[in-house]
Each structure stands twice: as C-alpha cells, then as structure tokens.
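Enquirer: If you're matching them up, the sequences are chains A and B in order.
Letter by letter, the first sequence follows residues 244 to 350 of our numbering.
Letter by letter, the second sequence follows residues 244 to 350 of our numbering.
Beta carbons: idealized from backbone N, C-alpha and C, even for Gly.
Structure below; questions to follow.
Number of protein chains: 2
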Amino acid sequence: MPDCLFCMIASKQLPSSIVFEDEAVVIFNDIHPKAPTHVLIVPKTHVESILALDEATKDLPGLLILKAKQFAKEKGLRGYQLRFHVGREGGQIIDHLHLHLMSEQTI
Amino acid sequence: MPDCLFCMIASKQLPSSIVFEDEAVVIFNDIHPKAPTHVLIVPKTHVESILALDEATKDLPGLLILKAKQFAKEKGLRGYQLRFHVGREGGQIIDHLHLHLMSEQTI
C-alpha cells in the first residue's frame, strides 16, 4: 500500500531496526518503547486493523500471536504482554494491523 | 479442569456476570475493571496460557480475537484494546487462557 509507513518498513523503503523477518511478518523495535522490550509484529499483507478483517484476512491476528510467541521463546522471554490497539479510540495510530509485544525483560 | 476458576465460571459452578456465550467461549466482566468496559473472552477449552499452546490449540488465540471483534461490533464499541498477559512475569494471574477487551466507552 503506497504511503503506508509499515508497508514501507516491510519492503525496506524505510529504515527500521528489524529483529526478525520471514515470509509473512517483520518484527521491529517500537520507535517509542513503553517497556524494556517493545517490538511490533507486523504482517507483510496490508490490512488496516482488526476492524478491517475479512474472510481472506481473518487468520492474521492468530498468526501474529503465534509469531510473537515463537519470537519470545527464541529470545528467552518468560513473561510478556501482547496487545492490539483497535481504532483511533483504542489508541491505534498507524493504519496497518500490528501486534505489540512488551516485556519487562530485555532482549 | 477441576479447581480452575475460569472452567468453573464457564460451567456455571461459579457465578459471574456473563455478557455473551456460545459453543466455544464465554465473555464476562472483569472483577477488577481497569477501564469503563473491561471484559474477558475465555475459551471453554482449558489451556493454561499462550505458552501452553500446542498443535491442537494453536488456533484459540485467533478465535478469541474474532469473538472479541464480533462482541465489540454488537456493542457499538468504536475503539478498544485487546490484551493477552502471558506468564506470571507478563501479569497473568489465572492459568486459563483469556483475552482482555478494554474500552473507554461503556456498554
């Protein structure tokens, strides 16, 4: 999606500190971290938000959760929070679906 | 699972303020709300946490997200947060997988 910040990060048109990447997602550090570890798990497919999920994209949130779990395990995180902000009134700032992973541990 | 608080709520052995129920989940008000709307989406299947997901249960988190989305839409919530607390160090208190839905709007 042109002009989408997270699409540009995923396609390397914009720099970011990517800490994991595979065919489906990129994971990078939040630019305004709210915890010692704060990364965003972002699908390469452009979907605006939880509100915009349809039949073709409804499995994306579950995929992001599993990717987050796998990443946390590889990094040795014992405890963490996973958050979706949904809609402006839910605190969503960037209109590209993303999952926050926050931990009091550092990686 | 005997002695699991959320299994007992789901099977009506313990009282709670259930606001939605279907074959797969119950949704009830958090007993210590952190927002004007704060409900828990809980699978009837007992799984300890995100950490305990296996091949048979790996789709549960995605299902909980979709149930939360559907519930929020029915209640007219425009914005909200969805959170999993993972492990004691992630703030998980009850060892039965659950998704927090929090909104500044009331339902």
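#1: Would you identify the three-state DSSP class for Glu266 (chain B), choosing helix, strand or coil?
#2: Looking only at its own chain, which residues have a Cβ that is under 6 Å from the Cβ of Leu320 (chain A), when we skip the five neighbours before and after it?
#3: Report the neighbours of Asp302 (chain A) on chain B: residues whose CB is nearer than 7 Å to its CB, in chain order.
#4: Please confirm if the region 328-342 of chain B is in contact with the region 321-330 of chain A, defined as three or more CB-CB distances below 8 Å between the two stretches.
#5: Have a look at Val262 (chain A) and Asp273 (chain B) and give me their C-alpha separation to the nearest angstrom.
#6: Could you check the C-alpha separation between Ala267 (chain B) and His289 (chain B) for me, to the nearest Å?
#7: Could you pull the DSSP bridge partners for Met345 (chain A) from this structure?
#8: Mind listing the chain B neighbours of His341 (chain A)? Cutoff is C-beta to C-beta under 7 Å, in chain order.
#9: Please name the residue in B:Val282, B:Ile337, B:Gly334, B:Lys255 whose C-alpha comes closest to that of Ala315 (chain B).
#10: From Asp265 (chain A) to His343 (chain A), what distance separates their C-alpha atoms?
Expert: Walking through what the data contain:
#1: coil
#2: So the qualifying residues of the chain are Ser346, Gln348.
#3: Those within 7 Å of Asp302 (chain A) in chain B are Gly305.
#4: yes
#5: The alpha-carbon separation between Val262 (chain A) and Asp273 (chain B) amounts to approximately 35 Å.
#6: Distance between the alpha carbons of Ala267 (chain B) and His289 (chain B) is about 11 Å.
#7: A:His281, A:Gln324
#8: None at all; the shortest Cβ gap to chain B is about 12 Å.
#9: Cα-wise, what sits closest to Ala315 (chain B) is B:Val282.
#10: 18 Å
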